[in-house]
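Chemist: Numbering (the working numbering), first residue to last: 685 to 1118. For each residue, glycine too, the CB sits at the ideal point set by N, CA and C. Bear in mind the structure is a predicted one, so any value in this text is a computation, not a measurement. The structure under discussion is supplied below as structure tokens; questions concerning it will follow.
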Ligand code: ATP
């Protein structure tokens, strides 16, 4: 299938039809910029997060995991610069009063009615709330707009508990909230989303080397989740567009159906954050180098990944339409490590004796792999359903199976079928999923 033939409607419709993603608060007319992940969406999302966590935390010795609170002392956001600076340029149409992000409008005209737009002003994207029963300035808090600050404020805790050697990192997966002026493009720009972030603390003199290492890490991660390299573009942010604290930023962009857009960011943030929190909290956030007997503020490299954008890119990349016997077959050619279900167990009919051996097979296989059991509708329809949700293998139990104790295994992409003994099933999948 050509990339150009793919449009977002197909992805959104499959996501809803098959229980991946629903509109947030749907029965009340929805809530812009929010999405609810259904049973299959949760599985895929958990697989993405699990893979990231294994790769960057569990399988390395130098990155520590963290799960910080979403609500933080408002001083955190003053020190980090978010209270004053985390904003997008906002304009309002003089005619229809609709509001837009100024940098997303063409020719400064309202994209709805074509009217003149007014003066640009800065709109802070943090969701404000109050903590406790008193609603005054001292009780203000914010829903975090990124997970990174939870990491910086725990820098000293990790140093004190683990005494890590530099370079080392702290990783966190969690929700972030931004009051986006114009949420759009399905999961791409939401108001509530998830991030997977690492702050990798380094010695300033080595920043170029570590930055290159992290570019490689990002490429390998993108390969691990199966995105086609051709759809990925690395964008070197020009010096004049860099954030004031960054000396180098590379965006990893993906060719979404609505255009090439940022999937991930990799930024060298210097010592800006640790220094700002040292000033803000009066607690020195430093690293002590025992060999040299000196203290310094580490610099930091930040690979920042959006879970939902990863999810969307995976759906877009793996969505395939094929012509089979004059009919269109929709297949999600997703990596088996990410597939919501690894094996579908499909008894040919609901007859009791078939159910019995099918359930026995299910009980055995589900201890090791995520399985789905389906006995409704014709087998052809069930295969199509499994193709659409990306299940790599279907195990079909037919009447012959009662006699020969063998079942049919159908492979998703090739549709090739194998007949194997029930006693061999576990070994067969162990080999496939090793
Ligand atoms: P954009 O320019 O698209 O608004 P950004 O540069 O502000 O993104 P960062 O602050 O670098 O984004 O956030 C890190 C990552 O978090 C992004 O690369 C993206 O994967 C994800 N992300 C940011 N904003 C959103 C959002 N509104 N919805 C979903 N994911 C998001």
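Counting beta carbon pairs with one atom in the region 725-740 and one in the region 833-846, are three or more of them shorter than 8 Å?
Modeler: The region 833-846 is not in contact with the region 725-740.
Chemist: Taking a contact to mean a Cβ-Cβ separation below 8 Å, would you say residue 665 touches residue 867 in this structure?
Modeler: Residue 665 is absent from the model: the chain starts at 685 and stops at 1118.
Chemist: Once DSSP output is grouped into helix, strand and coil, what is the label at residue 954?
Modeler: Counted from its first residue, the chain shown places residue 954 at position 270. Reduced to three states, the DSSP call for residue 954 is coil.
Chemist: I think residue 1032 touches residue 1082, with their Cβ atoms under 8 Å apart; what is that distance to the nearest whole Å?
Modeler: For the purposes of this step, residue 1032 is taken as residue 348 along the chain shown, with counting starting at 1. For the purposes of this step, residue 1082 is taken as residue 398 along the chain shown, with counting starting at 1. The pair is a contact, with the Cβ atoms about 4 Å apart (cut-off 8 Å).
Chemist: What is the residue span of the alpha helix (DSSP H) that residue 834 lies within?
Modeler: The residue you call residue 834 lines up with position 150 of the chain shown. From DSSP, the alpha helix (DSSP H) with residue 834 extends over 832-836.
Chemist: Kindly examine the ligand ATP and report whether one of its heavy atoms sits closer than 7 Å to the Cβ of residue 826.
Modeler: Along the chain shown, read from residue 1 onward, the residue named residue 826 stands at position 142. It does not: the Cβ of residue 826 is nowhere closer than 7 Å to a heavy atom of the ligand ATP.
Chemist: Is it a yes or a no for the region 963-976 touching the region 904-918, going by three-plus beta-carbon pairs under 8 Å?
Modeler: These segments do not touch.
Chemist: Using DSSP with H/G/I as helix, E/B as strand and the rest coil, what is residue 859?
Modeler: Against the chain shown, residue 859 aligns to sequence position 175. Three-state result, residue 859: strand.
Chemist: Got a sec: does the ligand ATP put a non-hydrogen atom nearer than 7 Å to the Cβ of residue 874?
Modeler: One-based indexing of the chain shown puts residue 874 at position 190. Checking every heavy atom of the ligand ATP against the Cβ of residue 874, one is found closer than 7 Å.
Chemist: Relative to the C-alpha of residue 1021, which candidate in 1011, 723, 1052 and 979 has its C-alpha closest?
Modeler: Reading the chain shown from its first residue, position 337 is the one you call residue 1021. With distances taken between Cα atoms, residue 1021 lies closest to 1052.
Chemist: Which residues mark the beginning and the end of the beta strand (DSSP E) in which residue 846 is found?
Modeler: As a position in the chain shown, residue 846 is number 162, starting the count at 1. Per DSSP, residue 846 belongs to no beta strand (DSSP E); it is in the alpha helix (DSSP H), 839-846.
Chemist: Count Cβ pairs between the region 984-1000 and the region 859-878 that sit closer than 8 Å; are there 3 or more?
Modeler: Output reads yes: the region 859-878 touches the region 984-1000.
Chemist: Going by other Cβ atoms of all chains shown within 10 Å of its Cβ, with 16 needed for buried, is residue 991 buried or exposed?
Modeler: Mapped onto the chain shown, residue 991 falls at position 307. Per the 10 Å Cβ criterion, buried.
Chemist: Go ahead and pull the three-state DSSP assignment for residue 1070.
Modeler: By one-based count along the chain shown, residue 1070 stands at place 386. It is helical.
Chemist: If we count the other Cβ atoms within 10 Å of its Cβ and call it buried at 16 or more, is residue 922 buried or exposed?
Modeler: By one-based count along the chain shown, residue 922 stands at place 238. Answer is exposed; the Cβ neighbour count stays below 16.
Chemist: Residues in its own chain within less than 8 Å of residue 1075 by CB, not counting five upstream and five downstream?
Modeler: By 1-based counting over the chain shown, the position of residue 1075 is 391. The residues are 1023, 1024, 1025, 1026, 1027, 1028, 1056 and 1096.
Chemist: Return the chain-ordered list of same chain residues with a C-beta closer than 6 Å to the C-beta of residue 1054, the five sequence neighbours on each side being excluded.
Modeler: The sequence position of residue 1054 within the chain shown is 370, counting from 1. For residue 1054, where only same-chain residues beyond five positions count, the Cβ hits under 6 Å are 1025 and 1026.
Chemist: Does the beta-carbon of residue 948, which I'm using as the reference point, lie nearer than 7 Å to any heavy atom of the ligand ATP?
Modeler: Translated into positions along the chain shown, residue 948 becomes position 264. Residue 948: yes, Cβ under 7 Å from the ligand ATP.
Chemist: If you draw a straight line from the alpha carbon of residue 883 to that of residue 855, how long is it in whole angstroms?
Modeler: In the chain shown, counting from the first residue as 1, residue 883 sits at position 199. In the chain shown, counting from the first residue as 1, residue 855 sits at position 171. Cα to Cα, the separation comes out at about 7 Å.
Chemist: Please specify which runs of the alpha helix (DSSP H), each continuous and at least 4 residues long, are wholly inside the region 880-943, giving them in chain order.
Modeler: List check, alpha helix (DSSP H) in window: 891-908.
Chemist: Put residue 726 into one of helix, strand or coil per three-state DSSP.
Modeler: Numbered from its first residue, the chain shown carries residue 726 at position 42. It is helical.
Chemist: Check whether the Cβ atoms of residue 1059 and residue 1034 sit closer than 8 Å, and answer yes or no.
Modeler: For the purposes of this step, residue 1059 is taken as residue 375 along the chain shown, with counting starting at 1. For the purposes of this step, residue 1034 is taken as residue 350 along the chain shown, with counting starting at 1. Yes. Within cutoff.
Chemist: Over the uninterrupted beta strand (DSSP E) stretch that includes residue 807, give me the two end residues.
Modeler: Walking along the chain shown from the start, residue 807 turns up at place 123. First-last of the beta strand (DSSP E) with residue 807: 805-808.
Chemist: Examine the Cβ distances between the region 763-779 and the region 800-811 and report whether three or more of them are shorter than 8 Å.
Modeler: Yes, they touch.
Chemist: Below 8 Å on the Cβ atoms is my contact criterion, and I expect residue 937 with residue 919 to pass it. Report the Cβ-Cβ distance as a whole number of Å.
Modeler: The residue labelled residue 937 in the question sits at position 253 within the chain shown. The residue labelled residue 919 in the question sits at position 235 within the chain shown. Between residue 919 and residue 937 the Cβ distance is about 6 Å, and since that is below 8 Å, they are a contact.
Chemist: One question on the structure: do residue 955 and residue 981 come within less than 8 Å of each other, judged by their Cβ atoms?
Modeler: Here residue 955 is taken as the residue at index 271 of the chain shown, counted from 1. Here residue 981 is taken as the residue at index 297 of the chain shown, counted from 1. Their beta carbons are under 8 Å apart, which means residue 955 touches residue 981 by this criterion.
Chemist: Is it buried or exposed, residue 1086, if we count other Cβ atoms within 10 angstroms and call 16 or more buried?
Modeler: Here residue 1086 refers to the residue found at position 402 when the chain shown is read from its first residue. The residue in question, residue 1086, is exposed, as its Cβ has fewer than 16 Cβ neighbours within 10 Å.
Chemist: Can you tell me whether residue 988 is buried or exposed, with buried defined as 16 or more other CB within 10 angstroms of its CB?
Modeler: On the chain shown, position 304 is the one that residue 988 refers to. The residue is buried, with at least 16 neighbouring Cβ atoms inside 10 Å.
Chemist: Out of 802, 787 and 783, which one is the CA nearest neighbour of residue 796?
Modeler: The residue labelled residue 796 in the question sits at position 112 within the chain shown. The shortest Cα separation from residue 796 among 802, 787 and 783 belongs to 783.
Chemist: Report yes if the CB atom of residue 951 is closer than 8 Å to the CB atom of residue 1005, and no otherwise.
Modeler: What you label residue 951 is simply residue 267 of the chain shown in a count that begins at 1. What you label residue 1005 is simply residue 321 of the chain shown in a count that begins at 1. Contact: no.
Chemist: Locate the alpha helix (DSSP H) running through residue 1061, then write down its first and last residues.
Modeler: For this step, residue 1061 is matched to residue 377 along the chain shown. No alpha helix (DSSP H) contains residue 1061, which DSSP labels as neither H nor E.
Chemist: How many angstroms separate the CA atom of residue 1092 from the CA atom of residue 1102?
Modeler: As a working mapping, residue 1092 is identified with position 408 in the chain shown. As a working mapping, residue 1102 is identified with position 418 in the chain shown. Going by the C-alpha atoms only, they are around 6 Å apart.
Chemist: Tell me where the beta strand (DSSP E) around residue 748 begins and ends.
Modeler: For the purposes of this step, residue 748 is identified with residue 64 of the chain shown, where counting begins at 1. Run containing residue 748: 747-750, per the beta strand (DSSP E) assignment.
Chemist: Hey, would you say the C-beta of residue 864 is under 7 Å away from at least one heavy atom of the ligand GDP?
Modeler: No copy of the ligand GDP appears in this structure; the ligands present are the ligand ATP.
Chemist: Below 8 Å on the Cβ atoms is my contact criterion, and I expect residue 929 with residue 953 to pass it. Report the Cβ-Cβ distance as a whole number of Å.
Modeler: Position 245 of the chain shown, counting from 1, holds the residue named residue 929. Position 269 of the chain shown, counting from 1, holds the residue named residue 953. Correct: roughly 5 Å between the Cβ atoms.
Chemist: Return yes when the Cβ of residue 694 is within less than 8 Å of the Cβ of residue 1003, no when it is not.
Modeler: Within the chain shown, the letter at position 319 stands for residue 1003. Within the chain shown, the letter at position 10 stands for residue 694. Yes. Within cutoff.
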